[in-house]
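Some notes on the structure that comes next.
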Amino acid sequence: MADLAIQRQDAMNELQPPLVLGEHTTYHDISKQVSEIVEAPVYKTPLKWYIAVAITGGITLMMVAMFTYLVATGIGVWGNNRPVGWAWDITNFVFWIGIGHAGTLISAILFLFRQRWRTAINRSAEAMTIFAVMCAGLFPLFHTGRPWRAYWLFPIPNTDLNMWQNFRSPLIWDVFAVSTYFTVSALFWFVGLVPDLATLRDRAWAAGHKAKQYIFGSLSLGWRGSARHWQHYEMAYLILAGLSTPLVLSVHTIVSFDFATSVLPGWHTTIFPPYFVAGAIFSGFACVLTLLVIARWVCNLENIITIKHLENMNKIILATGTIVGYAYATEFFIAWYSGNLYERFAFVNRAFGPYWWAYWTMITCNVISPQFFWVKRFRTSVPLMFVLSLVVNVGMWFERFVIIVTSLHRDFLPSSWGYFQPTWVDICTFIGTIGFFLFLFLLFARFLPMIAMAEVKHVLHTQHDMEAHGGRAVNP
Amino acid sequence: MSELLEKAGLLKPHSVYGVMGTFDEPDDLVEAGKKVRAEGYTKLDAMMPFPIHHVNEALGIRRSHLGWIVVCIGLTGTAAALLLQWYTGAGPVDLLPGWTGLGAYPLVIGGKPTFDFTFAMPVTFELTVLFSAFAAFFGLWALNGLPRMYHPSMNYSQSHRATDDKFVLVVEADDPMFDARKTADLLKSLGARDVEVVEG
């Protein structure tokens, strides 16, 4: 009889592996394991963290230097010139915005679909969203050439200018979309953090740490876990998730409008909104994967961020990567089927023109490399998925480069045809934002709870419940 | 100091917040909550590290009406966005200094009209979402009476465990049935541990 029960449990684990590993994990274990990363005294922070912060901090300073140089000298320090007026800056902007999309997808859309595996990864994915959008915002800001005039982008009543924004332009839609996206992501992230900050506050009180108690006490706003508060909290969380879901789809849709509403062959296509959104989720999940594989290894979080979580992310990468591949094929088909000569030229030129190397890098990284994830052994191999996640991100950067630069470098007038080459400032600025992004993520991982403790405890509670009743419900 | 405050009527002598007791498992809290409510208590609350849905039914906590606040403010955002885009493109000139509408000096760009719902849609959508998110965020804290520096429940010796792994049941002192000793005995009989009469 007992044997049968064990066999049944094994079979269930095989079909639906538990989301929190460890047979006797308690709620307190979760608080302890996650909080201790934040609470560790300065001298106990691993040396590798300091080295990583020093390197990424140095790269961040390089980014600051590059932007200073640009402002002091002029936008000409970048390689943008006629006919390629948008180049690395807008490529990087779209790249970073896209990275951010995975965070919102995990925190909002998977929440609405009741995908409970999201709880282990949503906090760090949301942090990643916020940092990525910060990096993204820098590029159009400095591309204006006069960033101190950035307030001209917002409809502020003014007497010095006596002008308003042109709301018929997709570029102004972008301003609204990106700033709304950043604000809502930050609010959502903070709402999720409050109960965990309260846990940290109470642990600091129990340990007698005055300073930490004040810091976490102020940040947690006096949260005490009252049932009435949770009632409003869950409603607010549901509403924010419900708002973020169409928001995240709208942001990359509007980013794609920057291209799609123009009259340029290669940009003027109706497939852009869904194709951009799928690509954004694809690149974002790859980036979450890169960061989490490192974080779970450095912080020993293998029991909370399990192989099952990583495998699920790989499945999404496979699905969205295949959608992206389908979009590439559709573009080509329509370029031929439409019978439009300019459209056909733009696409043939993309694949076999001077930028053929960028196009085929994109195809290899984005369409071919995720196909490995059809095989379960590859999906669950941590080193392989780490490498592939990096490959996917390289591919997605190239996708934006291909769309922007190959469409621009062959103008309608052959005499203005050109070939874009980045300058050292272009390259150093982009590397600088990567450093800035990682720098912020390292600070987050050290000073804030990387795992949503309250949510993981909830999952653990459901898991205990189901084990007690001898099985697992499909949708508890 | 406290005597002076008491005389001035600013501090009630030995005011009591309520009786609090701790449970190890959420289900025990729910069971105890149901029984306490069956006894006729109405001013009940719980403190817990994560939300447990049956607690609301057990303690008679009503569904949050935050949604209505969000809908109203969200629609305000919709209206504000449409008004903004209509006024700046086609509105009357000089409503206020600095608020010059372009109605008398329409700029034709790309042959598009000065105002139309089609091109107004993206910004309208974004501002609706932005206003709604602010409403949900600030509404949440307003309805919860947060931020606050102090709450009487902090005087309970186990309150710091309620954000960790314990589930606390609260019977507040302004309940008409409240009697410090009887209520404390009731909680003990239901299996609560660390039952205390907490000062407010």
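Protein chains in written order, with this note's numbering: chain A, 2 to 477; chain B, -17 to 182.
No residue lacks a Cβ here, since even glycine has one placed at the ideal position from N, Cα and C.
Nearest to residue i (by Cα), restricted to the options the options
i      : options                           : result
L250/A : P275/A, T262/A and V264/A         : P275/A
G354/A : T331/A, S416/A, D259/A and T407/A : T407/A
R45/B  : A228/A, T26/A and V185/A          : A228/A
V78/A  : F258/A, L244/A, F143/A and Y28/A  : F143/A
A281/A : G396/A, A347/A, V264/A and L201/A : G396/A
N81/A  : F402/A, F348/A, L391/A and W174/A : F402/A
G218/A : P134/B, P129/B and E39/B          : P129/B
Q232/A : V180/B, V52/B, T24/B and H35/B    : H35/B
G138/A : Q464/A, R204/A and F431/A         : F431/A
F541/A : G146/A, W361/A and L265/A         : With chain A covering 2 to 477 only, the question about residue 541/A has no answer from this structure.
F286/A : G433/A, V72/A, G267/A and G322/A  : G322/A
N137/B : K148/B, A62/B, L168/B and E178/B  : E178/B
S186/A : S245/A, N367/A and G209/A         : S245/A
H29/A  : H253/A, F114/A, F442/A and R204/A : R204/A
R175/B : S141/B, F160/B and T145/B         : S141/B
R225/A : T165/B, K148/B and V75/B          : K148/B
M164/A : D76/B, K17/B and Y23/B            : D76/B
L112/B : F132/A, A41/A, K213/A and V176/A  : V176/A
L65/B  : V53/B, T24/B, T145/B and M103/B   : M103/B
F97/B  : A63/B, H47/B, G127/B and L125/B   : A63/B
A261/A : A347/A, M386/A, P171/A and W50/A  : P171/A
I51/B  : L201/A, M236/A, F94/A and G104/A  : M236/A
F114/A : F448/A, T254/A, V368/A and A242/A : A242/A
T61/A  : F442/A, H465/A and H462/A         : F442/A
Q166/A : E7/B, G22/B, W68/B and C54/B      : W68/B
S171/B : P88/B, L48/B, D6/B and V18/B      : V18/B
P141/A : F112/A, R411/A, R345/A and I173/A : I173/A
C288/A : A53/A, K45/A, G104/A and F346/A   : G104/A
C366/A : I335/A, R345/A and E400/A         : E400/A
First and last residue of the uninterrupted beta strand (DSSP E) at residue i
i      : result
V152/B : F149 to E154
L311/A : No beta strand (DSSP E) holds L311/A; the alpha helix (DSSP H) holding it covers I308 to Y338.
M29/B  : L26 to M29
Residues that DSSP places opposite residue i in a beta bridge
i      : result
G0/B   : E154/B and V180/B
N93/A  : DSSP lists no partner for N93/A.
V85/A  : N82/A
S227/A : M29/B
F5/B   : F149/B
R175/B : T4/B
Residue i, enclosing alpha helix (DSSP H) - first and last residue
i      : result
A199/A : P171 to A208
L142/A : N123 to H144
H142/B : No alpha helix (DSSP H) holds H142/B; DSSP gives it neither H nor E.
H35/B  : H35 to L41
W50/A  : L48 to T74
Y69/B  : L48 to A72
W425/A : W425 to F448
A419/A : The displayed chain sequence assigns Gly, not Ala, to residue 419/A. No alpha helix (DSSP H) holds G419/A; DSSP gives it neither H nor E.
K213/A : K211 to L220
C300/A : Neither: C300/A is in no alpha helix (DSSP H) and is coded neither H nor E.
M103/B : F99 to N126
Q34/A  : Y28 to E40
Y343/A : L342 to F353
V392/A : V383 to F402
F155/A : Where F155/A is concerned, there is no enclosing alpha helix (DSSP H), given that its DSSP letter is neither H nor E.
I364/A : W357 to I364
R378/A : K377 to R380
Expected contact under 8 Å - CB spacing of residue i and residue j to nearest Å
i      : j      : result
I306/A : I122/A : 6 Å
L439/A : T69/A  : That pair is no contact at about 21 Å.
C429/A : M67/A  : 5 Å
G71/B  : F168/A : 6 Å
G3/B   : L151/B : 5 Å
P423/A : W89/A  : 5 Å
Fill in: Stretch pair the stretch 98 to 109 of chain A + the stretch 125 to 133 of chain A: three plus CB contacts closer than 8 Å
The way I'd put it, the stretch 98 to 109 of chain A does touch the stretch 125 to 133 of chain A; three or more beta-carbon pairs between them come closer than 8 Å.
Worksheet item: Do the stretch 100 to 118 of chain B and the stretch 57 to 74 of chain B meet, that is, are 3 or more Cβ pairs less than 8 Å apart?
Response: yes
Worksheet entry | Cβ contact (3+ pairs, closer than 8 Å) linking the stretch 27 to 34 of chain B and the stretch 5 to 17 of chain B | yes
Worksheet item: Is the number of C-beta pairs between the stretch 448 to 464 of chain A and the stretch 186 to 199 of chain A that are closer than 8 Å three or more?
Response: yes
Fill in: Contact the stretch 73 to 82 of chain B vs the stretch 143 to 156 of chain A: 3+ CB pairs below 8 Å
no
Discussion item. Below 8 Å, how does it come out for the stretch 99 to 109 of chain B and the stretch 168 to 181 of chain A: are there three or more Cβ pairs, yes or no?
Written reply: yes
Worksheet item: Looking at C-beta atoms only, is the number of pairs between the stretch -4 to 3 of chain B and the stretch 153 to 161 of chain B that lie closer than 8 Å three or more?
Response: yes
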